[in-house]
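Novice: First the structure, which I've put down as structure tokens, then a few questions once you've had a look.
Number of protein chains: 2
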Amino acid sequence: MKKFMNAVDSMVAESLEGFVAAHEQLIAFGAGRKFVRRRTLTTGKVAIISGGGAGHEPMHTGFVGPGMLDAACTGHIFTSPTPDQIVAAIEETDTGAGCLLMVKNYDGDVMNFEMAAEMAAAHHAIDMVVVKDDVAHGSRSQGRRGVAGTLIVEKLIGASAENGAKLQDLKALGDGLNHRIRSMGVALRGVAVPNTRRETFVLGADEMEMGVGIHGEPGRSREAFTNATEIVEALCTAILADMGEVAPANALLFVNGFGGTPSPELYLAYGIARRFLESRGIPVSRSLVGTYVTSLDMAGLSVTLAMLTDAETALWDAPVSTAALNRLR
Amino acid sequence: MKKFMNAVDSMVAESLEGFVAAHEQLIAFGAGRKFVRRRTLTTGKVAIISGGGAGHEPMHTGFVGPGMLDAACTGHIFTSPTPDQIVAAIEETDTGAGCLLMVKNYDGDVMNFEMAAEMAAAHHAIDMVVVKDDVAHGSRSQGRRGVAGTLIVEKLIGASAENGAKLQDLKALGDGLNHRIRSMGVALRGVAVPNTRRETFVLGADEMEMGVGIHGEPGRSREAFTNATEIVEALCTAILADMGEVAPANALLFVNGFGGTPSPELYLAYGIARRFLESRGIPVSRSLVGTYVTSLDMAGLSVTLAMLTDAETALWDAPVSTAALNRLR
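These protein sequence lines are chains D and C, in that order.
Heads up: the first sequence begins at 88 in the working numbering, then just goes up one per residue.
Heads up: the second sequence begins at 88 in the working numbering, then just goes up one per residue.
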């Protein structure tokens, strides 16, 4: 496993330093380098704060900027940020309208964000949205995991906050979205965590892992590798079955790479998913294809389907200016 | 080698179909699906047309849109588009002010673009810029290769064309840039071309290939793999030595991933390159970090340094709206 790094212990910090330097007009380190924040905050806007383990880049630091997040806290690889980091982000970015914490549904993340919320509650209005979009489940205590759909929830809530929505309305928006966003992933190759240098699961030359998450955890089932059409249609079928009755709405189709899959393969998969959905009477109204929610350099992809109202679609279309997501209008 | 595909023969076409569908508000197929073009052309603007082999995505199709290219022609993997494709793009996108062809310096590309220019010359004003930014050389006939610096030349020329520059001025801009843009790449893993399913070079667990291009061709030298600081400083040292005397100018630093390297490693490398340049008295004024000019899923990266005038820097900052590159202002 060859990586561009100097030492395992310093790689996350060195990478963040380069990231902040490359985007210095947009973002800055918060106090003590505990988090990354927008360079300029908007007074009176609800602060949107997210975070999670490193190894999922560009999520979440790449989503900090006008139209999306105010701050993102990064932990060690595949490890939640500490409550201390999250409290520091709350204290620095709450300009009076409170904070909404955006959390992916993993035990460690939920625990640390809840602890931070309690620690800061005396001086800040705080609420939390826990994203749960994975068709495949995590541990029994955890339930559905938060995966690529997190990007969609953060984009919509970020846009709504920019429009002046209040904390309770943003919380309701996030909770409502959880019922209408579903994702499922497939891996063609496992992922080696730098600390251990061992792959979390090892696939044979003719195997793939269906239902994987974004931490190298094994998926629902190991299956024979097959062509892109069969793989992508299987993902879409599982998503539609899990979403249940789909009310008439605007479908947002998001094909996400896990880090080691080049964009032409993602676009090829997108074309298959789109035709499949359309054949099921679901026209695709908005699209996103790219490497946004990763599992280090894992070869694989996920398909996310979000069924959005017209108002939510307008939030998706709203301008955004971050390192990873830019939209002119 | 597991890839998301249905068949080797159809993978480029299927991927392009998904790409055009995902970005249908911005782009469209040209006649006969021979190229990708902006959905809306600007009458009286010089048409900027590029192209090259598939396998380098998002270049060049990802650079089609307002502020950058008008059309891009894609060949088979690592194979030039045919003169027929290029002529079709010229005929469809020349709105009266002529066409500038943007070509990376490879024998096959140069030959086919020149042939297309001759075929279309009777009815169209045509000129050509051949990008040559690689510190490492290709074949004897070829000289310097065109690699990641191509993105910078296409962005600046695209912005200048948008501002109403004439064909001869765009040609002069491109030729002038060739003297002030230098790139060098390193691979940690070779690349397997789908047709042959064999890696073009095989690296040991402790080896890296310095001076690689973007077609899986071997580089200048095989060296012992080492830490990121030593690798990146070696690339920067070679670039500065090759560029020669650097006039006072605005430095644009671009760290580009070859397809299989996750963004945190690119940002870590960026931080090293930036500090190194600043220690040599070259402050970095503009930055780009990401996976833009690829060699399928090769693990590796390149560093590009461009020394820009103030006018060129303003062109870099100009708005652009493409699938791969978006800038608000």
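Glycine included, C-beta positions come from ideal geometry on N, C-alpha and C.
For the alpha helix (DSSP H) containing asparagine 199 of chain C, list its first residue and its last residue.
Specialist: From DSSP, the alpha helix (DSSP H) with asparagine 199 of chain C extends over 194-207.
Novice: On the DSSP letters alone, give me the boundaries of the beta strand (DSSP E) that aspartate 214 of chain D sits inside.
Specialist: Per DSSP, aspartate 214 of chain D belongs to the beta strand (DSSP E) from 213-218.
Novice: To the nearest angstrom, report how far apart glycine 263 of chain D and glutamate 205 of chain D are at their CA atoms.
Specialist: Near 24 Å, if we compare the C-alpha coordinates of glutamate 205 of chain D and glycine 263 of chain D.
Novice: Answer with yes or no whether the minimum CB distance from asparagine 250 of chain D to chain C is below 8 Å.
Specialist: No, no contact with chain C.
Novice: For the region 95-175 of chain C, which segments carrying the beta strand (DSSP E) assignment without a break, of at least 3 residues, lie completely within its bounds, in sequence order?
Specialist: Here the runs fully enclosed are 114-116, 123-125, 134-141 and 158-164.
Novice: Counting only Cβ pairs nearer than 7 Å, list the residues of chain C close to glutamate 104 of chain D.
Specialist: Correct list: Gly358.
Novice: Ignoring anything shorter than 3 residues, give me the beta strand (DSSP E) runs that lie fully in the region 222-247 of chain D, in order along the chain.
Specialist: Whole beta strand (DSSP E) segments, 3+ residues: zero.
Novice: For a cutoff of 8 Å on Cβ pairs, would you count phenylalanine 91 of chain D as touching chain C?
Specialist: Yes, phenylalanine 91 of chain D lies at the interface with chain C (some Cβ there is under 8 Å from its Cβ).
Novice: Under 7 Å Cβ-Cβ, which residues of chain D neighbour phenylalanine 312 of chain C?
Specialist: Lys89, listed in chain order.
Novice: Taking 7 Å as the limit between beta carbons, can you name the residues of its chain near valine 107 of chain C, skipping five residues before and five after?
Specialist: Same-chain partners within the cutoff: Ile114, Ala115, Phe116 and Val123.
Novice: When the Cα atoms are used, what is the spatial distance from alanine 356 of chain D to threonine 182 of chain D?
Specialist: Cα-Cα distance, rounded: 42 Å.
Novice: Counting only the same chain and skipping the five closest in sequence on each side, list residues whose C-beta sits under 8 Å from that of leucine 353 of chain D.
Specialist: So the list reads Val342, Asn343, Gly344, Val376, Gly377, Thr378 and Leu388, once near-sequence residues are dropped.
Novice: So, for methionine 202 of chain C: in the same chain, excluding its five sequence neighbours on each side, which residues have a beta-carbon less than 6 Å away from its beta-carbon?
Specialist: Once the five neighbours on either side are set aside, the close Cβ partners of methionine 202 of chain C are Pro170.
Novice: Taking the runs of the beta strand (DSSP E) that are 3 residues or longer, which of them lie wholly in the region 268-332 of chain D?
Specialist: The region 268-332 of chain D contains these whole beta strand (DSSP E) runs: 268-274, 294-297 and 308-311.
Novice: What does a CB cutoff of less than 7 Å around alanine 338 of chain D pick up in its chain, not counting 5 residues either side in sequence?
Specialist: So the list reads Leu364, Ile369, Pro370, Val371, Ser372, Leu392 and Met394, once near-sequence residues are dropped.
Novice: Could you tell me whether any Cβ in chain C is nearer than 8 Å to the Cβ of tyrosine 379 of chain D?
Specialist: Not an interface residue.
Novice: So with CB distances below 7 Å, who are the chain C contacts of leucine 392 of chain D?
Specialist: Ordered by position in chain C, no residue passes the 7 Å Cβ test against leucine 392 of chain D, which lies about 14 Å from the chain.
Novice: Can you check which of these residues, C/Gln255, C/Ile177, C/Thr237 and C/Val218, is closest to alanine 209 of chain C by C-alpha distance?
Specialist: Checked all of C/Gln255, C/Ile177, C/Thr237 and C/Val218; the closest Cα to alanine 209 of chain C is C/Ile177.
Novice: Closer than 8 Å, CB to CB, is methionine 98 of chain C near chain D or not?
Specialist: So, interface residue.
Novice: Let me check understanding here. Comparing Cα to Cα, which of C/Ala259, C/Asn199, C/Glu294 and C/Glu144 lies closest to arginine 84 of chain C?
Specialist: Because chain C here runs from 88 to 416, residue 84 of chain C falls outside it and cannot be looked at.
Novice: For the structure I just gave you, are there three or more beta carbon pairs, one from the region 245-252 of chain D and one from the region 280-299 of chain D, closer than 8 Å?
Specialist: No, the region 245-252 of chain D is not in contact with the region 280-299 of chain D.
Novice: Any contact between the region 133-146 of chain D and the region 89-96 of chain D? By contact I mean 3 or more CB pairs, one from each, below 8 Å.
Specialist: No, they do not touch.
Novice: Name, please, each residue of chain D whose Cβ falls closer than 7 Å to the Cβ of threonine 316 of chain C.
Specialist: Near threonine 316 of chain C (Cβ distances below 7 Å), the residues of chain D are Asn93.
Novice: Could you work out which residues of chain D lie near glycine 346 of chain C, taking near to mean beta carbons separated by less than 7 Å?
Specialist: Those are Pro349, listed as they occur along chain D.
Novice: Give the single residue among C/Asp404, C/Pro351, C/Ser374 and C/Glu399 whose Cα lies nearest to the Cα of glutamate 101 of chain D.
Specialist: It is C/Pro351.
Novice: Are the beta-carbon atoms of isoleucine 136 of chain C and leucine 188 of chain C separated by less than 8 Å?
Specialist: Going by C-beta atoms, isoleucine 136 of chain C is nearer than 8 Å to leucine 188 of chain C.
Novice: What does the Cβ neighbour count give for serine 408 of chain C, buried or exposed, with the cut at 16 atoms within 10 Å?
Specialist: Buried: at least 16 other Cβ atoms inside 10 Å.
Novice: Determine the DSSP secondary structure at alanine 252 of chain C, reduced to helix, strand or coil.
Specialist: Of the three classes helix, strand and coil, the one that applies to alanine 252 of chain C here is coil, per DSSP.
Novice: What residue range is occupied by the uninterrupted beta strand (DSSP E) comprising leucine 340 of chain D?
Specialist: Element bounds for leucine 340 of chain D: 337-344.
Novice: Which residues in chain D sit within 7 Å of leucine 275 of chain C, going by Cβ to Cβ distance?
Specialist: Per Cβ cutoff of 7 Å: Lys89.
Novice: Does the Cβ of threonine 313 of chain C have 16 or more other Cβ atoms within 10 Å, making it buried, or fewer, making it exposed?
Specialist: Flag for threonine 313 of chain C reads exposed.
Novice: According to DSSP, simplified to helix, strand and coil, what is glycine 368 of chain D?
Specialist: The answer is coil: DSSP assigns glycine 368 of chain D none of H, G, I, E or B.
Novice: Indicate whether glycine 185 of chain D and histidine 211 of chain D have their beta-carbon atoms separated by less than 8 Å.
Specialist: It is a contact, given that the beta carbons lie within the stated cut-off.
Novice: Determine, using beta carbons only, whether phenylalanine 150 of chain D and leucine 412 of chain D come nearer to each other than 8 Å.
Specialist: Yes; because the gap between Cβ atoms is below 8 Å, this pair is in contact.
Novice: For alanine 246 of chain C, would you say it is in contact with chain D, using Cβ-to-Cβ distances shorter than 8 Å as the test?
Specialist: So no, alanine 246 of chain C is outside the interface.
Novice: Quick one: residues in its chain with C-beta nearer than 6 Å to the C-beta of aspartate 384 of chain D, no 5 flanking neighbours on either side, listed in chain order?
Specialist: Counting only Cβ-Cβ distances below 6 Å, and skipping sequence neighbours, we find Gly346 and Gly347.
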